[in-house]
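According to numbering that gives the first Met the number 0, the sequence shown holds residues 0 to 281 in order. Heads up, the beta-carbon is just placed ideally off N, CA and C, and yes, glycines get one too. Only one structure is covered here, and it is reproduced in the block below.
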Amino acid sequence: MSDPGESAAPEPDRPDAPAAIDTSVASPARMYDYYLGGTQNFASDRRAAQEIYTMIPELPEIARDNRAFLRRAVRTLADAGIRQFVDIGSGLPTQGSVHEIAQEADPASRVVYVDNDPLVLAHARTLPAGGTEGTTAYVAADLREPDAIFTHPDVRALIDIDRPIGLLLVAVLHFITDEEDPRGLVGRYRSRLAPGSHIAIAHATRDDRPPEAVRKMTDVYKRASAPFTFRTREQILSFFHGTHLLDPGLVHSPDWRREPDTPPSPSAAWNYAGVGLIPPER
Ligand SMILES: C[S@@+](CC[C@H](N)C(=O)[O-])C[C@H]1O[C@@H](n2cnc3c(N)ncnc32)[C@H](O)[C@@H]1O
Numbered sequence: 000m001s002d003p004g005e006s007a008a009p010e011p012d013r014p015d016a017p018a019a020i021d022t023s024v025a026s027p028a029r030m031y032d033y034y035l036g037g038t039q040n041f042a043s044d045r046r047a048a049q050e051i052y053t054m055i056p057e058l059p060e061i062a063r064d065n066r067a068f069l070r071r072a073v074r075t076l077a078d079a080g081i082r083q084f085v086d087i088g089s090g091l092p093t094q095g096s097v098h099e100i101a102q103e104a105d106p107a108s109r110v111v112y113v114d115n116d117p118l119v120l121a122h123a124r125t126l127p128a129g130g131t132e133g134t135t136a137y138v139a140a141d142l143r144e145p146d147a148i149f150t151h152p153d154v155r156a157l158i159d160i161d162r163p164i165g166l167l168l169v170a171v172l173h174f175i176t177d178e179e180d181p182r183g184l185v186g187r188y189r190s191r192l193a194p195g196s197h198i199a200i201a202h203a204t205r206d207d208r209p210p211e212a213v214r215k216m217t218d219v220y221k222r223a224s225a226p227f228t229f230r231t232r233e234q235i236l237s238f239f240h241g242t243h244l245l246d247p248g249l250v251h252s253p254d255w256r257r258e259p260d261t262p263p264s265p266s267a268a269w270n271y272a273g274v275g276l277i278p279p280e281r
């Protein structure tokens, strides 16, 4: 686990780390990158992840299943005609990103990625614009500040808030504490979105999970740059208030429109996922 006294200097495996990035404290974005087998992580992140693996060895599979849910949700929304997406808590760039999926359906689809981790933004700046030029942006902002996100010039340049959007809050609301009122926060987003918009949410649950494993993960994240809050299905369901849940409702992530012939996943019980439609008449 990371040592609070550890030097903040870049570590040998990432000598190019920008100064503003604190490599001594594990970060959710970099830990998640490690779960997914990425290389954008530091010793503090790997130690934190390894500590959780002692109790939840299936964590890499949970992360992969979560990404698979994200891809299926984006494809579903693209098929429903959504052409603009705001992905908040987007994580470090990885394969199967939202713009790749959305632009398979329509190359003109627009995607704004939002994250508050400095490494995410540092990497985003190095990405070649390529075919996505003019259709994709990365914005440094905090989920807890919807006003700042929706008034950000890069968001306004790409996203027409008066038309339906796909708002992705995938594996990010568990970084909002109960004191920060995640249900009220989602409500602030919902009230801004045009009818026909969708909100996709995936969230970790503690329902029927071994309490000592839940405690371990919670403890490790307390020492990281953001705490982690497991929630019950009922609490997660409340985030969809004011929306119409698409089939099959709020289910374990791998079970949300699972591809045919995909076997049930042992990671299933750790996350719930769903997609809510903001109905035309409210
Ligand atoms: C577990 S990753 C999920 C990445 C991606 N959404 C996915 O599901 O594959 C969580 C991401 O949320 C970001 N995050 C956590 N708290 C945030 C906040 N308050 N505002 C913006 N991003 C946040 C982290 O930096 C990290 O990149």
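Worksheet item: Arg230 bridges to which residues according to DSSP?
Response: Thr204
Worksheet entry | Where Gln49 falls: helix, strand or coil (DSSP) | helix
Worksheet item: When we look at the beta-carbon of Ala156 and count the other beta-carbons within 10 Å, is it buried (16 or more) or exposed?
Response: exposed
Worksheet item: Taking any heavy atom of ligand 1 as the mark, which residues have a C-beta closer than 7 Å to it, listed down the chain?
Response: Ser26, Pro27, Ala28, Tyr31, Asn65, Arg66, Leu69, Asp86, Ile87, Gly88, Ser89, Gly90, Leu91, Val113, Asp114, Asn115, Asp116, Val119, Ala140, Asp141, Leu142, Arg143, Leu167, Val169, Ala170, Val171, Phe174, Ile175, Ala201, Ala225
Discussion item. Mapping the DSSP letters down to three states, classify Asn40 as helix, strand or coil.
Written reply: coil
Fill in: Whole-angstrom distance between Arg71 and Pro262, CA atom to CA atom
16 Å
Practice prompt. With a floor of 3 residues, list each beta strand (DSSP E) that falls wholly inside the segment 57-109, ordered by position along the chain.
Written response: 83-87
Fill in: Beta carbon of Ile100 nearer than 8 Å to that of Val73
yes
Discussion item. Beta-carbon within less than 8 Å of Arg143's beta-carbon, same chain only, minus the 5 sequence neighbours each way: which residues are those?
Written reply: Ile175, Glu179, Leu184
Worksheet item: With a CB to CB cut of under 8 Å and the five nearest residues on each side skipped, what residues in its chain are close to Arg208?
Response: Phe229, Ala268, Trp269
Fill in: Residue range of the beta strand (DSSP E) that includes Ala139
135-139
Worksheet entry | Same chain, Cβ closer than 6 Å to Val219, neighbours up to 5 away in sequence not counted | Ala47, Glu50, Ile51
Worksheet item: What residues are listed by DSSP as bridge partners for Ala199?
Response: Leu167, Val274
Item to complete: Output yes or no for whether 8 Å exceeds the beta carbon distance between Ala140 and Ile148.
Response: yes
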